[in-house]
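In the numbering used here, the protein residues as written are 133 to 467. Glycine included, each C-beta is placed from N, C-alpha and C at the ideal position. Structure first, then comments.
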Ligand code: FES
């Protein structure tokens, strides 16, 4: 996952358990517009262990903090590896990483944290949209090592943007399907899901429309299934629209004061609420830390965070207001 969380350098980082100062030891291109960074302790030595699906939060030289999935090998205890997709019209984190000579510099890196872990299953379908392959690559490696059935489908705009394609094909052979959109269109998610046994777990990481399609297909399946999703922002999304989805407007009512506000398509609930309640707590603005969790007293939240398990969303009485939106015209919050 390469993400573009909102600028929050003044917020307290809550990506416990710890922060380490790491040297950017090496950078290499792994696809068009995607650079891989290898981070180690300046003097060498083991780093905290991690499992596939984990991410870390990097403090960039400018002070921006950005989260990236670890995409290396968990067995490589001396290095953490991330891959960053340059988003020209994003909020600056990926541009800074691409445009700054980082090799040889030290950065503070917090984590790792894992909100996208592999669950026990009879087999796995891994669906990647573009740079969304990053958390899925170590999953594929681990599933391969464990001898479990898996399949990975990766779509990207064209072949040059299929990050880690050679590694994946070397790993999985015909279990890996690469779908360059300019040659083959979008991946046939319906066919992939239909061919996946119900006992297999479905993991997806990519832009919001892809995740929405996976969610809808899983809900409509017989029996319905719950996919495991990891979201990231896209270049097309607005500066505070973490989803990449061009959602419509909706209204938010603050129950304690009765204040009513409009949340436009390109702003988050958090941003709008903070205009009236500047002390409302928040940190990551990416839906993974849980700091902004808010009780919903009326309305239908459209959960887009990774704090609330997908299986619990239908009955959840709270929402992460930094990324989640609304499926109903009005949401009433206990604020
Ligand atoms: S601020 Fe971290 S989940 Fe909302």
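Close beta carbons around residue i, own chain, < 8 angstroms, minus the five adjacent residues each side
| i | result |
| --- | --- |
| residue 211 | 157, 170, 171, 172, 179 and 204 |
| residue 228 | 192, 193, 194 and 196 |
| residue 408 | 386, 389, 391 and 393 |
| residue 276 | 282, 303 and 304 |
| residue 238 | 153, 154, 155, 156 and 174 |
Cβ-Cβ separation, residue j to residue i (assumed contact under 8 angstroms), whole Å
| i | j | result |
| --- | --- | --- |
| residue 273 | residue 303 | 6 angstroms |
| residue 543 | residue 151 | No information on residue 543 is available, as it lies outside the stretch 133 to 467 that the chain covers here. |
| residue 428 | residue 450 | 6 angstroms |
| residue 334 | residue 357 | 6 angstroms |
| residue 281 | residue 182 | That belief does not hold up - the Cβ atoms of residue 281 and residue 182 are roughly 24 angstroms apart, past 8 angstroms. |
| residue 438 | residue 247 | 4 angstroms |
| residue 165 | residue 217 | 6 angstroms |
| residue 184 | residue 270 | 4 angstroms |
Beta-carbon proximity list for residue i, same chain, < 7 angstroms, skipping 5 on both sides
| i | result |
| --- | --- |
| residue 432 | 458, 459 and 460 |
| residue 161 | 167 |
| residue 142 | Because residue 142 carries a pLDDT of 27, less than 50, the predicted location of this residue cannot be relied on, and no value is offered for it. |
| residue 414 | 143, 402, 423, 424 and 454 |
| residue 240 | 151, 153 and 191 |
| residue 163 | 292, 293, 294 and 295 |
| residue 396 | 381 |
Spatially closest choice to residue i from the options, by CA coordinates
| i | options | result |
| --- | --- | --- |
| residue 345 | 215, 331, 325 and 354 | 325 |
| residue 177 | 201, 209 and 199 | 209 |
| residue 349 | 286, 259, 283 and 435 | 259 |
| residue 262 | 353, 382 and 343 | 343 |
| residue 199 | 417, 332 and 336 | 417 |
| residue 440 | 384, 277, 287 and 361 | 361 |
| residue 332 | 225, 255 and 219 | 255 |
| residue 468 | 396, 184 and 405 | Residue numbering for the chain in the displayed model covers 133 to 467; residue 468 lies beyond these limits and cannot be assessed. |
| residue 330 | 316, 347, 355 and 226 | 355 |
| residue 351 | 442, 381 and 269 | 442 |
Buried versus exposed, by CB contacts within 10 Å (16 or more), residue i
| i | result |
| --- | --- |
| residue 394 | exposed |
| residue 318 | exposed |
| residue 462 | exposed |
| residue 231 | exposed |
| residue 174 | exposed |
| residue 339 | buried |
| residue 297 | buried |
| residue 285 | buried |
| residue 410 | exposed |
| residue 279 | exposed |
Beta-carbon contacts of residue i that lie in its chain and below 6 angstroms, excluding the five residues immediately before and after
| i | result |
| --- | --- |
| residue 234 | 156 |
| residue 289 | 313 |
| residue 159 | 167, 169 and 235 |
| residue 283 | 257 and 307 |
| residue 264 | 337 and 338 |
| residue 420 | 247 and 438 |
| residue 430 | 464 |
| residue 186 | 202, 244 and 246 |
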